[in-house]
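S.K.: Before I ask anything, here is the structure I am working with.
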Amino acid sequence: MQKLNIWTRRVRDIRATRQFLNSDDEGGALAMEIEKLWDQLDPETRQWLVDNPGCKILPRTVAAAIMKSTGTQVEQDRHGETVLSPSDCDFIREAAERADASRGASSTPRR
């Protein structure tokens, strides 16, 4: 019976995550608006996000670092993970592209 309860809770978590990922940005309970928090993030957290631009669910260590550096409470699932909204994912992808472009520009010799 206990295994069934654990399974039921995990399925419920997965369904809630899928529902959130498939919903629009309006009213998303877990959206953290990373663009507004970006300048407050420590360099290591920003670098992790730029290095992992396809990540839609933040590990609890990254979510904890965001909360620590910004003082903002972000919602987490029961595993401590935070689901990013589609607009958060887009912003992180754009930041990664900008970082790649600046790395490419700085590695070319200047005349």
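Going by this note's numbering, the sequence shown opens with residue -16, and the numbers climb by one from there. Built from N, CA and C at the ideal position, the CB exists for glycine as well.
Could you tell me which of Ala46, Leu24, Gln23 and Asp83 sits nearest to Leu67, measuring between CA atoms?
M.R.: Ranking the options by Cα distance to Leu67, first place goes to Ala46.
S.K.: Which residue wins for smallest C-alpha separation from Glu16, given the options Gly37, Gln56 and Pro42?
M.R.: Of the candidates Gly37, Gln56 and Pro42, the one whose C-alpha sits nearest the C-alpha of Glu16 is Gln56.
S.K.: Mind checking whether Ala48 and Asp83 have CB atoms under 8 Å apart?
M.R.: No.
S.K.: Name the DSSP bridge partner or partners of Ile40?
M.R.: BP columns for Ile40 point to Val66.
S.K.: My understanding is that Gln23 touches Thr44, with C-beta atoms under 8 Å, so please give their C-beta distance in whole angstroms.
M.R.: Not really, about 18 Å apart at Cβ, beyond 8 Å.
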